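Student: Heads up, the sequence shown is in the working numbering, so the first residue is 7 and it goes up one at a time.
The beta carbon of each residue, even a glycine, is placed where N, CA and C say it ideally should be.
Just so we're clear, the structure is a prediction, and the values are computed from it rather than from any experiment.
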Amino acid sequence: MQRFARYVIVALFSLILIFTVVAPACAPAVPATLPPAVSVPAAPAKLPPTPAGMINSALGPISPDKLGQTLIHEHFAFAYPGWTADDSIAPYDRQAVIDNSLKIAQLAKSVGIQTIVDPTPNDCGGRDPLVYKEVSKQTGVNIICTTGLYFEKEGSPAYWESRVAWGVDLSKMISELFIKEITEGIGATGVKAGAIKVGTSPVMTDYEKLVHKAAIIAQKATGVPIITHTEGPTGGVEQAEFLITNGADPKKVMIGHVTNSKDIEYHRAILAKGVKVGFDRLGLAVLYGVPDDLSVKNIATLVKDNNYGDRILLSHDTVNLWLGRSLVKDVPEKAMPLFKDWRIDHVSKDILPMLKAQGLTDDQINTIMVGNARNLFLGK
Ligand SMILES: [Zn+2]
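1) Specify the secondary structure class of Gly148 as computed by DSSP and reduced to three states.
2) Does the Cβ of Pro125 lie closer than 7 Å to at least one heavy atom of ligand 2?
3) Starting from Pro359, trace the beta strand (DSSP E) in both directions and tell me its first and last residue.
4) Quick one: what does DSSP say Lys215 is sitting in, helix, strand or coil?
5) CA-CA distance, Pro343 and Leu183?
6) What do you reckon, is the C-beta of Asp1 under 7 Å from a heavy atom of ligand 1?
7) When you compare the segment 289 to 305 with the segment 246 to 261, are there three or more beta-carbon pairs, one atom per stretch, that lie closer than 8 Å?
8) Which class does Phe345 belong to by DSSP, given the choice of helix, strand or coil?
9) Pull up the distance between the alpha-carbon of Arg349 and that of His322, whole angstroms please.
10) May I have the straight-line CA-CA distance separating Ala363 from Leu73, to the nearest angstrom?
11) What's the call for Thr121, buried or exposed, on a 16-neighbour Cβ count within 10 Å?
12) Could you say if the segment 76 to 84 and the segment 169 to 187 meet the contact criterion of at least three C-beta pairs nearer than 8 Å?
13) Report the option in Ile180, Ala227, Leu366 and Gly238 whose CA atom is closest to the CA atom of Glu214.
14) Does the beta-carbon distance from Pro127 to Gly161 come in below 8 Å?
15) Whose CA, out of Ile110, Ile223 and Val264, lies closest to the CA of Val281?
16) Is the beta carbon of Gly229 less than 8 Å from the beta carbon of Asp316?
17) Are the segment 203 to 210 and the segment 141 to 158 touching, with three or more C-beta to C-beta distances below 8 Å?
18) Who are the near neighbours of Arg287 in its chain, counting only those whose CB is closer than 6 Å to its CB and skipping five residues on each side?
19) What residue from His218, Lys268, Val217 and Ala194 has the CA that sits closest to Pro239's CA?
20) Touch check for the segment 298 to 312 and the segment 327 to 334: three-plus C-beta pairs under 8 Å?
21) Count the other CB atoms, across all protein chains shown, that sit within 10 Å of the CB of Ile95; report buried if there are 16 or more and exposed otherwise.
22) When you measure from the CB of His1 to every non-hydrogen atom of ligand 1, does any distance come out below 7 Å?
23) Relative to the alpha-carbon of Tyr314, which residue among Glu339, Trp328 and Ala275 has its alpha-carbon at the smallest distance?
24) Near Asp129, what residues of its chain come up, given a Cβ to Cβ distance below 7 Å and the 5 sequence neighbours on each side ignored?
25) Since I believe Ala201 is in contact with Thr152 (beta carbons under 8 Å), could you give me their beta-carbon distance rounded to a whole number of angstroms?
26) What span of residues does the alpha helix (DSSP H) with Leu183 cover, start to end?
27) When burial is assigned at 16 or more other CB atoms within 10 Å of the CB, is Asn372 buried or exposed?
28) Determine the closest residue to Ala254 out of His218, Gly242 and Tyr272, with distance taken between C-alpha atoms.
29) Taking Cβ to Cβ, would you say Ile61 is nearer than 8 Å to Phe285?
30) In whole angstroms, what is the alpha-carbon distance linking Gly146 and Leu366?
31) Along the chain, where does the alpha helix (DSSP H) that runs through Ala111 open and close?
32) Below 7 Å, is the gap between the Cβ of His81 and the nearest heavy atom of ligand 1?
33) Across which residues does DSSP place His81 in a beta bridge pair?
34) Counting only the same chain and skipping the five closest in sequence on each side, list residues whose C-beta sits under 7 Å from that of Cys32.
35) Helix, strand or coil: how does DSSP classify Asn252 here?
36) Of the choices Pro338, Lys340, Ile270 and Asn326, whose alpha-carbon is the least far from that of Leu308?
See below:
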């Protein structure tokens, strides 16, 4: 009896301890804003293999023939690393991103775009497979997202570089992440990455070389394309050379942002490596001072005189929503006209007619808008 009483006292004491000390400590802190529910149930962490020859889209595997007119580089939402530090002021609002992205996807669809590739890297803000899934489901526009890391200055190298000191094979470690997101899925979102995104500084840094090697390992393992960021009007040739020398398939590489340069010799030098190029900042002349009509002239020359029509892709690199505190709001009113063409329907509405005026045929334009994205994924 005495023993039983002791048990009761111990049990009671334990309960009091649990309710007064342990439970409150274990309870999750209430976040400032709870993420709104999304009408997509959590998927298993590991998705079944993608059938050979199919592309990973937000809604699952699709045939390359289903891509149609494709914008190869647009961001539904974006933020530079570090934005989460400002979370108290400007928390992530998934529903707001979905609402805005729906409008963007609808606008793109209204001018004939069937596929949008959003290459937001893992270490920047804005990559949200649940958003892509929902927007694709509601609009019928294919959305393909990427796995990847941004260039050193504007990415998050600290996490990875801290491991180099301990002798970690960083390329192998990063490639494991890329491969997992391409073959099994991104977390439990039920979405697999369909391509790899990497970037370089004007002169490739040691960190960027390790990331590029990781991309090559992942491409060899999975067969997906590599889409790049180049910083400024140089660096594309070196980037292509590095990727190819280390084993990437040039047909599955698109060197991005060649619109940063007005120099057609620069474009030719990259194309001579056998890769594809992205004239993917159309409407953003304000960034490097290259007007669209000059880019259009260069594209037309590359197609008509140099027979490169089967390796050029077009896009805008739009950021349709800045996460954190809006950057756009900080742009002075007077400067806004500089961004008037930086919109998702600019290529379809303005650039394609300009290319036609330069003498490109419907067939050549169809190759640029439809065939080249398909071939980037197929390696043709
Ligand atoms: Zn971009």
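Tutor: Reading from the atomic positions:
1) In the sequence shown, residue 148 corresponds to position 142, counting from 1. The residue asked about is misnamed: residue 148 is Asn in this sequence, not Gly. Reduced to three states, the DSSP call for Asn148 is strand.
2) Among the ligands present in this structure, namely ligand 1, ligand 2 is not found.
3) Position 353 of the sequence shown, counted from the first residue, corresponds to residue 359. Here Pro359 belongs to no beta strand (DSSP E); instead the alpha helix (DSSP H) covers Leu358 to Ala363.
4) Residue 215 sits at position 209 when you count from the first residue of the sequence shown. In this structure, Lys215 counts as helix in the three-state DSSP scheme.
5) If you number the sequence shown from 1, residue 343 lands on position 337. If you number the sequence shown from 1, residue 183 lands on position 177. Using only the alpha carbons, I get a separation of about 41 Å.
6) This structure gives no information on residue 1, because the portion of the chain shown stretches from 7 to 386.
7) no
8) Position 339 of the sequence shown, counting from 1, holds the residue named residue 345. Of the three classes helix, strand and coil, the one that applies to Phe345 here is helix, per DSSP.
9) The residue given as residue 349 occupies position 343 in the sequence shown. The residue given as residue 322 occupies position 316 in the sequence shown. Going by the C-alpha atoms only, they are around 7 Å apart.
10) In the sequence shown, residue 363 corresponds to position 357, counting from 1. In the sequence shown, residue 73 corresponds to position 67, counting from 1. Approximately 26 Å between the Cα atoms of the pair.
11) Here residue 121 refers to the residue found at position 115 of the sequence shown. Thr121 is buried by the Cβ-count criterion.
12) no
13) Residue 214 sits at position 208 when you count from the first residue of the sequence shown. Closest option to Glu214, Cα to Cα, is Ile180.
14) Stepping through the sequence shown from its first residue, residue 127 is reached at position 121. Stepping through the sequence shown from its first residue, residue 161 is reached at position 155. Closer than 8 Å, so yes.
15) Here residue 281 is taken as the residue at index 275 of the sequence shown, counted from 1. For the residues Ile110, Ile223 and Val264, the minimum Cα distance to Val281 belongs to Val264.
16) For this step, residue 229 is matched to residue 223 along the sequence shown. For this step, residue 316 is matched to residue 310 along the sequence shown. Contact: no.
17) yes
18) The residue labelled residue 287 in the question sits at position 281 within the sequence shown. So the qualifying residues of the chain are His263, Thr265 and Asp323.
19) To locate residue 239, count along the sequence shown from 1; it is residue 233. Pro239 has its Cα closest to that of Lys268, out of His218, Lys268, Val217 and Ala194.
20) no
21) In the sequence shown, counting from the first residue as 1, residue 95 sits at position 89. Under this definition Ile95 is an exposed residue.
22) Lying outside 7 to 386, the shown extent of the chain, residue 1 is not represented and no answer is given.
23) Start at 1 with the first residue of the sequence shown, and residue 314 comes out as number 308. It is Ala275 whose Cα lies nearest to the Cα of Tyr314.
24) In the sequence shown, counting from the first residue as 1, residue 129 sits at position 123. Here the set comprises Pro87, Leu155, Tyr156, Gly161 and Ser162.
25) For the purposes of this step, residue 152 is identified with residue 146 of the sequence shown, where counting begins at 1. For the purposes of this step, residue 201 is identified with residue 195 of the sequence shown, where counting begins at 1. 5 Å between Cβ atoms; contact.
26) Here residue 183 refers to the residue found at position 177 when the sequence shown is read from its first residue. Its alpha helix (DSSP H) spans residues Leu176 to Thr189.
27) Mapped onto the sequence shown, residue 372 falls at position 366. Asn372 comes out exposed.
28) Here residue 254 refers to the residue found at position 248 of the sequence shown. Checking every option, the nearest Cα to that of Ala254 belongs to His218.
29) For this step, residue 61 is matched to residue 55 along the sequence shown. For this step, residue 285 is matched to residue 279 along the sequence shown. No, the pair does not count as a contact, with Cβ atoms beyond the cut-off.
30) In the sequence shown, residue 146 corresponds to position 140, counting from 1. In the sequence shown, residue 366 corresponds to position 360, counting from 1. Going by the C-alpha atoms only, they are around 29 Å apart.
31) Along the sequence shown, one-based indexing puts residue 111 at 105. Taken as a continuous stretch (DSSP letters only), the alpha helix (DSSP H) holding Ala111 covers Arg100 to Ser116.
32) Looking up residue 81 in the sequence shown gives position 75. Yes.
33) Mapped onto the sequence shown, residue 81 falls at position 75. According to DSSP, which records beta bridges pairwise, His81 is partnered with Val325.
34) Taking the sequence shown and counting its residues from 1, the one referred to as residue 32 is at position 26. In this prediction, Cys32 scores a pLDDT of 38, lower than 50, which makes its location untrustworthy; no coordinate-derived value is stated.
35) Position 246 of the sequence shown holds residue 252. It is coil, neither helix nor strand.
36) Within the sequence shown, the letter at position 302 stands for residue 308. Selected option, being the one with the closest Cα: Ile270.
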